[in-house]
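Each residue of the sequence shown is one higher than the last, beginning at 2 in the working numbering.
C-beta atoms are modelled at their ideal positions from N, C-alpha and C, and glycine is treated no differently.
Values in this document were obtained by computation on a predicted structure and should not be read as measured data.
Below you'll find the structure, written out as structure tokens, and then a few comments.
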Amino acid sequence: ELALPMVVKTDGRRESFNEDKLLRGLTRALSKRPVATARVDAAVRMIQRRIRERGEREIPARLIGELVMEALRDLDPVAYVRFASVYRRFEDVDAFSAEIARMKEGETPPGEGDGSARDG
């Protein structure tokens, strides 16, 4: 099994990929939501697989965030909006409303349509 790449933070620091941190982020967003632990574990494995498939030695933290949002959108829409509100720093109700409207219409949110999260 290939090792996971180093994560490049937005400030340029590099750190080892941390599966526990990934799981904590998903679990926090999914708090009190009716999603089975097995589905969360499967999402973690899918995100790790997608990262490994890129075959890169380093990966931007932003890409991991986009992969998490993609997984949450499939797992639970409320958890997705929770995570997106923090990750994208929603500052008002209009930002929440716009994200929910995009989700209902099946649109790709800004930052996800560039292929970075889907290309392997």
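Around the Cβ of E54, a 10 Å sphere holds fewer than 16 other Cβ atoms; the residue is exposed. With distances taken between CA atoms, R15 lies nearest to M7 out of M7, D21 and K22. Residue range M7 to V9 is occupied by the beta strand (DSSP E) that includes V8, with no alpha helix (DSSP H) assigned at that position. For R14, the secondary structure class from DSSP, reduced to helix, strand or coil, is coil.
Beyond the five residues adjoining it in sequence on each side, V82 comes within less than 8 Å, by CB distance, of F97, E100, I101 and M104 in the same chain, given in chain order. The alpha carbon of D77 has as its nearest neighbour, out of L64, R34 and E67, the alpha carbon of R34.
Every beta strand (DSSP E) stretch that sits fully inside the region 51–109 and reaches 3 residues is listed by chain position as 59–61.
In the structure shown, A44 adopts helical secondary structure according to DSSP, grouped into three states.
For L31, no alpha helix (DSSP H) run applies, since DSSP gives it neither H nor E.
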